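S.K.: Residue numbers (my numbering): 877 to 1227.
Backbone N, C-alpha and C fix where the C-beta goes; we use that ideal spot for every residue, glycine too.
This structure is a prediction, so every number in the text was calculated from the model and none was measured.
Put into structure tokens, the structure is as follows:
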């Protein structure tokens, strides 16, 4: 059996199953409170573009009629739900999204999960959010990474991994770093999700959920950094600059820090700027000049948002999205680590 399939089976089997009164077992998923700034922005772009299609709103979901299979499709309900949400009518949005979610629509389940996690128009319920993301992961784990639902499925896995990192107080969802690590590994490898790659790298770096490996951490960071993940760029730069578990390469380290500083959002600006300034202060002038040149070259080749977690594009009459993925190019250091061709391995080596 190919190792990537072993990883899929392991990830699905790791999800705990709560007991019901009937003692029957049900498939269970996991979720995290936030999927990361970049992926959230990109998925918001998908929604915004969909809402700007200029399509007349579907009357079956205008709140005047009960939502039935005869009145409209799940996709129409999703569109109506997002329109209602954008207009500020969150009760109507939840009604339409729930109709679609009950029929297995991953986008609707994802949005409801986000709303319950944040208490956005509904009572805050981490467990309810967890269960929406669980349903996505259980039903769409083997969807193609280039399917329309893939960005939402991948981020549902990231949410689940985050919930297992923290646990949910007063529920059957406890802290389980090992399980969290496996879930991140699946989203990072199969879907090529940069948030998952970054979180997996941090777990390798800190030795949470398994053995510590700076080598594995740096390679996952490299994959995420090349996709434009700012915190991955900064962490990779720091490791290279300091020689943290790697051969010290200050020019390359400062290059990645400079790239991160150029692309950082307001929420992480102070953190990135502080580390960059500290590194700059102890760098020789020739190192600074070379790093800036390399950073400018990378930035010119990688315009903002083009290397985000997803690259959503929309066409009428249906929503389509393409996902930027990379081959898994990590040498196996642990039993569950995906294996890839040796010819691909060089592409992931830290530059």
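(1) Spatial neighbours of residue 981 within its chain, please: CB distance less than 8 Å, with the 5 preceding and 5 following residues excluded, ordered by chain position.
(2) Any idea if residue 1239 is buried or exposed, counting beta-carbon neighbours within 10 angstroms, 16 or more meaning buried?
(3) Quick one: residues in its chain with C-beta nearer than 6 Å to the C-beta of residue 979, no 5 flanking neighbours on either side, listed in chain order?
(4) Could you say which of 1170, 1166, 1172 and 1134 lies nearest to residue 1154 if we only look at CA atoms?
(5) The alpha helix (DSSP H) that contains residue 1116, what's its start and end?
(6) With a Cβ-Cβ cutoff of 8 Å, do residue 1038 and residue 1057 count as a contact?
(7) Just verifying my parser: in three-state terms, what is the DSSP assignment at residue 957?
(8) Please name the residue, chosen from 1142, 1131, 1137 and 1139, that lies closest to residue 1162 on a Cα-to-Cα basis.
(9) What's the call for residue 1030, buried or exposed, on a 16-neighbour Cβ count within 10 Å?
(10) Given a cut-off of 8 Å on the beta-carbon distance, is the pair residue 1064 and residue 1096 in contact?
(11) Excluding five sequence neighbours on each side, which residues of the same chain lie with their C-beta closer than 6 Å to the C-beta of residue 1072?
(12) Write down the C-beta distance between residue 1036 and residue 1005 rounded to the nearest angstrom, noting that I regard them as a contact closer than 8 Å.
(13) Three-state secondary structure (DSSP) at residue 987?
(14) Take residue 1140 as the anchor and find which of 1108, 1114 and 1117 has the nearest alpha-carbon.
(15) Are the beta-carbon atoms of residue 992 and residue 975 separated by less than 8 Å?
M.R.: Let me spell this out:
(1) Closer than 8 Å at Cβ, skipping near neighbours: 950, 951, 953 and 954.
(2) Outside the shown range of the chain, which is 877 to 1227, sits residue 1239, and nothing can be said about it.
(3) For residue 979, where only same-chain residues beyond five positions count, the Cβ hits under 6 Å are 950.
(4) Of all alpha-carbon atoms in 1170, 1166, 1172 and 1134, the one lying nearest the alpha-carbon of residue 1154 is that of 1134.
(5) Note, residue 1116: alpha helix (DSSP H), 1106-1118.
(6) Not closer than 8 Å, so no.
(7) Looking at residue 957 - three-state DSSP - the assignment turns out to be helix.
(8) It is 1131.
(9) Buried is the call here.
(10) Contact: yes.
(11) Counting only Cβ-Cβ distances below 6 Å, and skipping sequence neighbours, we find 1034, 1060, 1063 and 1064.
(12) The C-beta distance from residue 1036 to residue 1005 rounds to 10 Å, too long to fall under 8 Å, and the pair is not in contact.
(13) Correct three-state label for residue 987: helix.
(14) Minimum Cα distance to residue 1140 is reached at 1108.
(15) No, the Cβ-Cβ distance between residue 992 and residue 975 is not below 8 Å.
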